[in-house]
Amino acid sequence: MKNTKRVLAALLAALCVPALGSCGKDGADLPAATGFSDDFQKNLHQSEELSFLETDAGYYFTYGSLYYLDKDSGRATVVCGKPDCDHSEDSGCNARIGCDYMLTGGDAIYYVGCENEPKEVLSVSTDGAKRRHVQELKFHENTAAQSSWDQGIYHRGYVYYMDDDTVFRVPLGGEKDAAVALWAPENPETAQKTEDGGLVFNPNWIHYTLWADGDLLYFMANVQVEDGSYRDALFRCDLEDLSVRRVWVTPDPEEVGSWERAGVSVSQWYVTGDAIYFYLSGGDMWRGDLNTGKNKKIADTHGETVYGSAVFSDDYMCLLNDAPRRSPTDPEIDTAGALRHYGGDTVYVYGLDGELLHELSLQPLHDELGATLSFDLLFCDESHVYFLTTQWGTPSESSGSGDGVSFSVTTNNRGGVYLCRASPEGGEVQTLYQLR
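The sequence shown maps to residues 15 to 450 in this note's numbering.
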């Protein structure tokens, strides 16, 4: 799913329309890129739509091309540096870096390329002018590296990534054979380090979502629990001795109530300190203690929205009251398990203690952009909530036949895609840049 979205994003970015922000003509106009953290940037890794890296003054992000967003002004710039470039697909634009996922920054921006196999780490200068190969990543033989990369992260000098059922660690810039397997459920060399053995991973979905916080690496995976069902469970790897243990498992609906993916996986989650904060779409906000495995409800969010989506930071929990719909033409029909969420008009901002701090109305965007809108939360920082706004036009129908079967297809036509943000303190909602 993520690879599909990134391919789509790359195609859409070719149509970059600089209507709402400067489609920067020269990367040399960008401020000096300083303040890249050596730690995993937790709050920026909650979206499947865009990849972000934070600096002191702004954010680099990718949506087909590489962009820079200034925090204070909200001005977005294409990181090109090529004089008189129109940033089109055939222009040779420096910003079109073929990025699958950004890892970290410093003297350059390091990212995983999406155009070559096997996967490799590349770098691009912060003005977009120079690129170089950094390292090739190690993968098992006879596995599809393209589909295995989705959840790679960077933390304190190392790149962490998965291949098949294995979690690898390799120094940034290190040799391919320097990669070390930290975890593999069927590998005695790694499984024997697990404190709670006997785990059975879902054979139909061996996939890890990686996370890091301080001296600890986390990964979420789908495992068989005591009642024989499969649920997402969180594992913690101590980066000092590389021991691994399960610290939390998706709760039972009898404990927390029902939600969209009840008893299988939570809707969104975020780890900081000794806690996992998680949201249940159709339910509430919860806090799980990673030392005891116990869960505590911290906000009755089902009173604000039936369904929704959330992003977190070390200070805030932000909830959008969107709802799953059959299609933009059926705005009154809720359909659990729908592929996308449509609508939404309010973002609720909570403290990590569950106190409701702010309500942000998105009605100005409905008034400005019209049509049927969908919103995708990206991340929140100390001053803003960032999200994508997508316009959906009137669906079109087409028909055809194949293998003696006639069929008709309804396509929900995608319109403009906008990068937006809202300020919890002032309530201001800004349309920053039209990405399509």
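Virtual Cβ for every residue (Gly too), placed ideally from N, Cα, C. A quick note: this is a predicted structure, and the numbers were derived from the prediction, not measured.
Nearest by alpha-carbon distance to residue i: which of the options is it?
i: residue 106; options: 185, 124, 143; result: 143
i: residue 324; options: 62, 51, 49; result: 62
i: residue 97; options: 309, 266, 108; result: 108
i: residue 282; options: 389, 125, 59; result: 59
i: residue 309; options: 262, 171, 286, 189; result: 262
i: residue 137; options: 113, 52, 152, 266; result: 113
i: residue 264; options: 253, 252, 251, 238; result: 238
i: residue 243; options: 231, 278, 253; result: 278
i: residue 79; options: 85, 93, 70, 67; result: 93
i: residue 253; options: 86, 315, 245, 233; result: 233
i: residue 251; options: 393, 67, 183; result: 183
i: residue 121; options: 300, 52, 431; result: 52
i: residue 430; options: 446, 301, 67; result: 446
i: residue 329; options: 300, 382, 394, 358; result: 394
i: residue 376; options: 289, 392, 435; result: 435
Within 10 Å of its beta-carbon, does residue i have 16 or more other beta-carbons around it, so buried, or fewer, so exposed?
i: residue 110; result: buried
i: residue 259; result: exposed
i: residue 146; result: exposed
i: residue 236; result: buried
i: residue 132; result: exposed
i: residue 269; result: exposed
i: residue 305; result: exposed
i: residue 327; result: buried
i: residue 87; result: exposed
i: residue 336; result: buried
i: residue 388; result: buried
i: residue 317; result: exposed
i: residue 365; result: exposed
i: residue 141; result: buried
State the Cα-Cα distance for the pair residue i and residue j, rounded to the nearest angstrom.
i: residue 374; j: residue 291; result: 21 Å
i: residue 378; j: residue 448; result: 16 Å
i: residue 322; j: residue 272; result: 14 Å
i: residue 176; j: residue 123; result: 21 Å
i: residue 433; j: residue 73; result: 13 Å
i: residue 119; j: residue 298; result: 36 Å
i: residue 450; j: residue 396; result: 28 Å
i: residue 294; j: residue 274; result: 7 Å
i: residue 179; j: residue 49; result: 34 Å
i: residue 168; j: residue 128; result: 17 Å
i: residue 65; j: residue 192; result: 26 Å
i: residue 154; j: residue 437; result: 46 Å
i: residue 384; j: residue 334; result: 19 Å
i: residue 404; j: residue 312; result: 31 Å
i: residue 90; j: residue 399; result: 16 Å
i: residue 197; j: residue 189; result: 20 Å
i: residue 194; j: residue 406; result: 46 Å
i: residue 186; j: residue 125; result: 11 Å
i: residue 170; j: residue 230; result: 11 Å
i: residue 47; j: residue 85; result: 13 Å
i: residue 174; j: residue 226; result: 10 Å
i: residue 257; j: residue 331; result: 31 Å
i: residue 367; j: residue 287; result: 14 Å
i: residue 439; j: residue 228; result: 29 Å
i: residue 75; j: residue 241; result: 43 Å
i: residue 181; j: residue 117; result: 16 Å
i: residue 81; j: residue 267; result: 42 Å
i: residue 280; j: residue 104; result: 42 Å
i: residue 249; j: residue 222; result: 10 Å
i: residue 55; j: residue 99; result: 32 Å
i: residue 69; j: residue 57; result: 14 Å
i: residue 478; j: residue 402; result: One cannot answer for residue 478 here, as it falls past the ends of the chain, which runs 15 to 450.
i: residue 245; j: residue 139; result: 42 Å
i: residue 302; j: residue 314; result: 15 Å
i: residue 442; j: residue 77; result: 24 Å
i: residue 83; j: residue 444; result: 13 Å
Please state the DSSP three-state secondary structure of residue i.
i: residue 147; result: strand
i: residue 319; result: coil
i: residue 22; result: With a pLDDT of 34 at residue 22, under the threshold of 50, the predicted position of this residue should be treated as unreliable, though the coordinate-derived value follows. Correct three-state label for residue 22: helix.
i: residue 56; result: helix
i: residue 310; result: strand
i: residue 178; result: coil
i: residue 195; result: strand
i: residue 346; result: Its pLDDT being 42, under 50, residue 346 is placed unreliably in this model, and the value from its coordinates should be taken loosely. Note: residue 346 maps to coil in three-state DSSP.
i: residue 107; result: coil
i: residue 425; result: Reliability fails at residue 425, whose pLDDT of 46 lies under 50, so the model's placement of it is uncertain and no value is given.
i: residue 35; result: In this prediction, residue 35 has a pLDDT of 36, which is less than 50 and means its spatial position is unreliable; nothing more can be read from the coordinates.
Taking 6 Å as the line, does the beta carbon of residue i fall inside it for any heavy atom of the ligand FMN?
i: residue 54; result: Annotation note on the ligand FMN: not contained in the displayed structure, which lists no ligands.
Output yes if chain C places a C-beta closer than 7 Å to the C-beta of residue i; else output no.
i: residue 91; result: Of the chains in the structure shown, none is chain C; there is only one protein chain.
Original post:
Unbroken alpha helix (DSSP H) runs of length 4 or more, entirely within the region 228-298: which are they?
Top reply: 267-270
**OP:** Please list the segments of the beta strand (DSSP E) lying wholly inside the region 354-400, counting only runs of 3 or more residues, in order along the chain.
**Re:** 360-365, 370-375, 386-394
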